[in-house]
Amino acid sequence: MAPRLLTPRDQVANLQSIADYLLTQWRSPREVLTVLLLLGPEVVQTAIAQLSGRTVTPVPFSFGWVTYSCSMLLSAIEGLAPHIPIYHHPKLVIQIEKLTFRRTGRQLMPNHQKPILVVNATNGHSRTTNSWVLCKLFDFVNDEVDRDMVSEEPHIYQQTGRTMEDKHAGQAKKKPWEALRVTVYKIDKDAKLKQGIPSLDWVWFLGFAVILIQLMLSILPWILNRDWAPFLVTLSGNCLAVCGASLPQWRKEKWANRTMGGSTVTLTRGNGTRTAIVMVADGNSGLDFEILAQNSRVAVPSHITRCATAILALFWILLLVTVAGLEQHTWYLFGVGLLGSIYTLEAAGAGRHPDCLGVHVKKDQEFSAKEVAEVLKKVQQTFDTTFIGASLLNIFFPGGLRAKGEDLSFWKEVLKSWFSPNQHGELVRVFGPEPNGVLSTCPRELEKGAQCITEVDSNGTMVRHSPHYI
């Protein structure tokens, strides 16, 4: 049987029903709003990581909070996951299950997407870290360096027979090319706040302003049409968001180390980057950046934290069900969620001053030059009691540094001093295939002919960290 063709009257009725459906959907997009509440949990987590540290963390209600509340509950519970060992009876086929608990590595704090290297200036040990505080601190300084290097000279000039002065005649004088800039920071002992307690900036205060604007926007339906449901949802969402972002576990994970000082370290992204940050240790003050980089002292979420995250996740689901049942004035909630999402995006990507990251330091001096080796030499000459420059040789010159003349003599003396005995004893290293075994001490091997130089040629001599036989 052939399908019946629609009459003009049926076509008009069909178009009218479609138009009514679209009009209803655009008047009250409740289904879309419910879906939006589930999107973007990563942005919410990043915004909390940026702002956490004080007693109250002003992260407003936004899209993505419902999904992230469940993810936060999972992270808190997996901090102490059940482990079930199975015991077998020697004669009977019986399995006895004994429930125990073991610690896992889940955390509320996210890892930074771009890791950095933390190099100890005393022994040259380096480690890769995704610590949020250290990576954001490096990003802040690196962005400052990039902005300062916008109007610099090009790295390589094309040789066209003209002199450099002729080539740039009539042009504004540019800054000289910098192959590397080393910025030295020292602990600020005059800081008003303790280490690990962040200062407040515009990003933090803007969070409270956004919450206030959201409440003012959601109260309009109550004033105009006596519909207080949008205001109730907005108020409840902001209360849940602030409570979830203000859990003490965030502060414990963000600064999981002691605040009684540590070793002098250098922060960098290794060979190819033009930024290095030196954090000079000062006795028993300041953060221990190596422990912070290793993230080895993170506290496992307590039972109170697990209960709080479970309750918050339950209330977020109830809030989602409430939003799904709203039929009027949902555009106000859409505006509230959009405003909160815009703020979380801005807060997640904003650059933060070291003070706002809980690292209270002050800039001491900067070193820069057109060659990396020259910069490292300046740093080593300035801080001759430590080995800041020498510890970066393997980082910026993985294959070794070629030096000759005065530079060669300088680095030979520095490396010999580095490998010589100190208050901790002699330096013991395990090398590759060498005569008389693989375990040796650097000072004695230097006396036997093992030097920190190899491959003498017209370009200079290769300077390395580890002793090599020549």
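When the letters of the sequence shown are read in order and numbered with the working numbering, they come out as residues -12 to 457. Beta carbons are placed, not taken as given, at the ideal position from N, Cα and C, and that holds for glycine.
Query: Just to confirm before moving on: does the CB-CB distance between Val46 and Ala34 stay below 8 Å?; Result: yes
Query: Consult DSSP for Cys429 and reduce its assignment to one of helix, strand or coil.; Result: Annotation note: pLDDT 45 at Cys429 (below 50); position unreliable, no value reported.
Query: Less than 7 Å between C-beta atoms, sequence neighbours within five positions excluded: which residues of the same chain meet that for Ile103?; Result: Thr116, Leu121, Cys122, Phe125, Leu254, Thr255 and Arg256
Query: I need the boundaries of the beta strand (DSSP E) containing Leu254, first residue and last residue.; Result: Val252 to Thr255
Query: Are Glu393 and Val169 touching if we call contact CB-CB under 8 Å?; Result: no
Query: Report yes if the CB atom of Phe276 is closer than 8 Å to the CB atom of Val128, and no otherwise.; Result: no
Query: Assuming contact is defined by CB atoms lying nearer than 8 Å, are Val346 and Ser355 in contact in what I supplied?; Result: no
Query: Do you know offhand how far Leu234's Cα is from His99's?; Result: 20 Å
Query: Got a sec, what are the start and stop residues for the alpha helix (DSSP H) Thr262 sits in?; Result: Unbroken run through Thr262 is the beta strand (DSSP E), Thr262 to Val267; no alpha helix (DSSP H).
Query: Taking DSSP's pairing of strands, which residues face Tyr172 in a bridge?; Result: Met266 and Lys350
Query: According to DSSP, simplified to helix, strand and coil, what is Val106?; Result: strand
Query: Tell me where the alpha helix (DSSP H) around Ser58 begins and ends.; Result: Trp52 to Ile64
Query: Measure the CB-CB distance between Cys343 and Ser186 and report whether it falls below 8 Å.; Result: yes
Query: To the nearest angstrom, report how far apart Leu307 and Thr21 are at their CA atoms.; Result: 7 Å
Query: Restricting to Cα atoms, I'd like to know which of Leu274, Ser56, Leu211 and Trp191 is closest to Trp242.; Result: Leu274
Query: Check whether the Cβ atoms of Asn381 and Gly183 sit closer than 8 Å, and answer yes or no.; Result: no
Query: I'd like to know whether the C-beta of Asp394 is nearer than 8 Å to at least one C-beta of chain B.; Result: This model lacks chain B altogether; it includes just one protein chain.
Query: Please return the same chain residues whose Cβ sits closer than 8 Å to the Cβ of Thr373, not counting the five positions on each side in sequence.; Result: Ala108, Thr109 and Thr251
Query: Which residue comes first and which comes last in the alpha helix (DSSP H) that contains Ser205?; Result: Trp189 to Ser205
Query: Buried or exposed, going by whether 16 or more other CB atoms sit within 10 Å of the CB of Asn244?; Result: buried
Query: Between the segment 192 to 208 and the segment 44 to 59, are three or more C-beta pairs nearer than 8 Å?; Result: yes
Query: Starting from Ser378 and walking both ways along the beta strand (DSSP E), at which residues does that stretch end?; Result: Unbroken run through Ser378 is the alpha helix (DSSP H), Ile375 to Ser378; no beta strand (DSSP E).
Query: Pick out whichever of Lys173, Ser4 and Leu23 has its Cα sitting closest to the Cα of Trp318.; Result: Leu23
Query: Between Thr54 and the rest of its own chain, which residues show a CB-CB distance below 6 Å, the 5 nearest in sequence each way excluded?; Result: Leu25 and Pro28
Query: Determine the burial state of Ser39: buried for a count of at least 16 other Cβ atoms within 10 Å of its Cβ, exposed for fewer.; Result: buried
Query: Looking only at its own chain, which residues have a Cβ that is under 7 Å from the Cβ of Leu180, when we skip the five neighbours before and after it?; Result: Ser186 and His347
Query: Closest to Ala216 by CA distance: which of Leu320, Glu333 and Ile329 is it?; Result: Leu320
Query: DSSP has Lys391 in a bridge; who is on the other side?; Result: According to DSSP, Lys391 bridges with nothing at all.
Query: Would you tell me roughly how many angstroms separate the C-alpha atoms of Ser56 and Ser328, rounded to the nearest one?; Result: 16 Å
Query: Could you give the distance in angstroms between the alpha-carbon of Pro408 and the alpha-carbon of Glu139?; Result: 44 Å
Query: Take Asp269 and list the residues in its own chain whose beta-carbon comes closer than 8 Å to its own, dropping the five residues that flank it on each side.; Result: Lys173, Ile174, Lys176 and Gly248
Query: Take Ile198 and list the residues in its own chain whose beta-carbon comes closer than 6 Å to its own, dropping the five residues that flank it on each side.; Result: Pro47 and Asn225
Query: Could you check which residue in Phe302, Phe218 and Leu95 has the C-alpha nearest to that of Leu202?; Result: Phe218
Query: Can you tell me the Cα-Cα spacing of Val80 and Leu301, whole angstroms?; Result: Note that Val80 has pLDDT 36, beneath the 50 cutoff, so the model's placement of it is unreliable and no number is given.
Query: With distances taken from CA atoms, which of Pro141, Phe384 and Arg389 is nearest Lys160?; Result: Pro141
Query: Would you please state the rounded distance, in angstroms, between the beta carbons of Val323 and Thr221? I believe it to be under 8 Å.; Result: 5 Å
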